[in-house]
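Following: one structure in structure tokens, then a few remarks.
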Amino acid sequence: MTMPMDRTDPVVHVVGAGLAGLSAATALVDRSIPVRIYEAAPRAGGRCRSWHDEQLGCVIDNGNHLMLSGNHAVMAWLTTLGAGERLTGPARAVFPFLDLESGRRWTLDLGAGRWPGWLFDRARRIPDLGAFSHLRLVRRLMRAAPETPVAALAGADSPEMRFFLEPFTVAVLNRAPEDAAVGLLQPVLRETVLKGGAACRPRIARHSLEDTLVVPALERLKRAQTPIHFARRIRRIVREGGRVRALDTAGERITLGERDHLLLAVPQHAARRLLPALPAPADGEAIVNLHFRLAHPPFGAGVHLYGLIGGLAQWVFARDALVSVTISAADDLLDRGADELARQVYSEISRLWRHDATPAANKLPPYRVIKEKRATFAADADALGNRPGPHPLPLEAANLWLAGDWTATGLPATIESAVRSGLTAARHIAADLR
6 MTMPMDRTDP VVHVVGAGLA GLSAATALVD RSIPVRIYEA APRAGGRCRS WHDEQLGCVI
66 DNGNHLMLSG NHAVMAWLTT LGAGERLTGP ARAVFPFLDL ESGRRWTLDL GAGRWPGWLF
126 DRARRIPDLG AFSHLRLVRR LMRAAPETPV AALAGADSPE MRFFLEPFTV AVLNRAPEDA
186 AVGLLQPVLR ETVLKGGAAC RPRIARHSLE DTLVVPALER LKRAQTPIHF ARRIRRIVRE
246 GGRVRALDTA GERITLGERD HLLLAVPQHA ARRLLPALPA PADGEAIVNL HFRLAHPPFG
306 AGVHLYGLIG GLAQWVFARD ALVSVTISAA DDLLDRGADE LARQVYSEIS RLWRHDATPA
366 ANKLPPYRVI KEKRATFAAD ADALGNRPGP HPLPLEAANL WLAGDWTATG LPATIESAVR
426 SGLTAARHIA ADLR
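Mapped onto the numbering used here, the consecutive letters of the sequence shown carry residue numbers 6 to 439.
Structural data, given as structure tokens:
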């Protein structure tokens, strides 16, 4: 059990209570290192926010986040927090799809183990592709130069592009294949698909993102008597003599002790505001999420996942009667009205559970539309060499550290990347303090 904070000990000041900041903070207090957290928002979670929506009458997340069983940093962190059971999902790596243009349904079923037996079963693999076509596609992906656009790997109308590369790229990188860099897909494939179905099982928050990822971290920090200052925006970082000396807010200056450290765990645009000389990738595209509260669970009780091809809706997450939809790479939807979006998306997703000709969208259920304008960093070729590590030496501040899904984790902007960055930064800071 961590002892109460003693100010004679060095303190790590963590700016940002998203998943990068929370994972770093919990790892530090587990090493008996005192931490103080400053968060500009009124609550923790960052882009993994949850709240009770009065219009829908239930708890919703700001957006859908799919984790995979091969996300080892997330799985290890949740196990450490005693929250591993708060994730749920199928026992096999199954991804059911519906092509809205043709009405065709299929399931990509990678199985439950490492053996790629699905390649030799037409009912389990990508439509219109044989086993050797799958292998050639993976080989092209893994052998391509990192800066290669994903669109260069297959024809625009090919089964490879339509049924795998485009939905996979947009979902993982929040970027169209024409602009997305292969080098940001390669590590995801290496850590999941290439390790077989055992590493690809979908893992989804059982109740909400906050309940699964945020609450267990806050409970751990509370037990360690870690102060968290909400609605406390850091406006300036004061550096002198090769160290960070103070943090300025709107109404006070927070002075760092001689042995204190600063971990900046904020999005890249906030980091650039505080540190203009910091190399960082550009902001990426928006993500639009829609939540519908139906009268009855359309797929039965529990959590369900579906992919859609050929329409606006891309991924459907159903948690009992709450059906949530994610649309990535969605800059062109930001100016569209909520009612227009909801009607088109509901018309598309209702085809998952309706097989008659009646237009289900005539009766639109209660809905909520959420637009994240700066959801991720731009996953293009420029980002490959523009992501700083946990200790940005060019900034000449020995006690300054970085964490966030946009830093040099080797992964795109995912929950796994955010948590991995936080745990990595905590490990470096602990080593430096020793």
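Each residue gets a CB set at the ideal place from its N, CA and C atoms; glycine is no exception.
Going by beta carbons, G247 and E106 fall outside the 8 Å limit. P207 has its alpha-carbon roughly 8 Å from the corresponding atom of R97.
Membership of W111 in the beta strand (DSSP E) is indicated by the continuous run 110-114. Residue P95 holds the alpha-carbon nearest to the alpha-carbon of H309 among L33, P95, P417. Here P393 is buried, its C-beta having at least 16 other C-beta atoms within 10 Å. The Cβ-Cβ distance between A270 and G415 does not fall below 8 Å. Note that the C-beta distance between A430 and A408 is below 8 Å.
Setting aside the 5 residues that flank it on each side, A318 is surrounded in the same chain by V330, V350, E353, I354, each with a C-beta closer than 6 Å to its C-beta; the list follows chain order.
Less than 8 Å separates the beta-carbon of D288 from that of H274. In the three-state scheme derived from DSSP, where H, G and I count as helix and E and B as strand, P207 is classed as strand.
Here the C-alpha atom of E377 lies approximately 13 Å from the C-alpha atom of P272. Annotation for A423: L24, A25, D410 place their beta carbon closer than 6 Å to its own, counting only its chain and skipping 5 residues before and after. The residues R130, A136, H139, L140, in chain order, have a CB closer than 8 Å to that of L124 in the same chain once the five nearest residues on each side in sequence are set aside.
R432 and E215 have their C-alpha atoms roughly 25 Å apart. Taken in chain order, the complete beta strand (DSSP E) segments of 3 or more residues contained in the stretch 62-106 are 63-66, 99-104. Counting along the chain, the unbroken alpha helix (DSSP H) around T31 starts and ends at 24-35. K200 and D340 have their C-alpha atoms some 41 Å from each other. Around the beta-carbon of E183, fewer than 16 other beta-carbon atoms lie within 10 Å, marking it exposed.
With respect to the C-alpha of G390, the residue from A29, R195, A285 having the closest C-alpha is A285.
Our two residues, L134 and L71, have alpha carbons roughly 26 Å apart in a direct line.
Judged by DSSP secondary structure, A251 falls within the beta strand (DSSP E) whose first and last residues are 248-253. Sixteen is the threshold: since fewer than 16 other Cβ atoms of the shown chains lie within 10 Å of the Cβ of M147, the residue is exposed. The shortest C-alpha to C-alpha distance from G68 to any of A326, L295, D265, G305 is the one to L295. In the structure shown, F382 falls within a strand segment according to DSSP collapsed to helix, strand and coil. W56 sits in a strand when the DSSP states are folded into three classes. In the three-state reduction of the DSSP assignment, P132 falls in the coil class. For T153, the closest of A384, L438, I420, D344 by C-alpha to C-alpha distance is A384.
Between A335 and V293, the gap from beta carbon to beta carbon is short of 8 Å.
Between A380 and R36, the C-beta spacing is not below 8 Å.
About 7 Å separates the Cβ atoms of L327 and I65, confirming a contact at the 8 Å cut-off. Taking 4 residues as the minimum length, the alpha helix (DSSP H) runs contained wholly in the stretch 165-251 are 171-178, 191-196, 220-228, in order along the chain. According to DSSP, residue pairing for D288 in a beta bridge involves F382.
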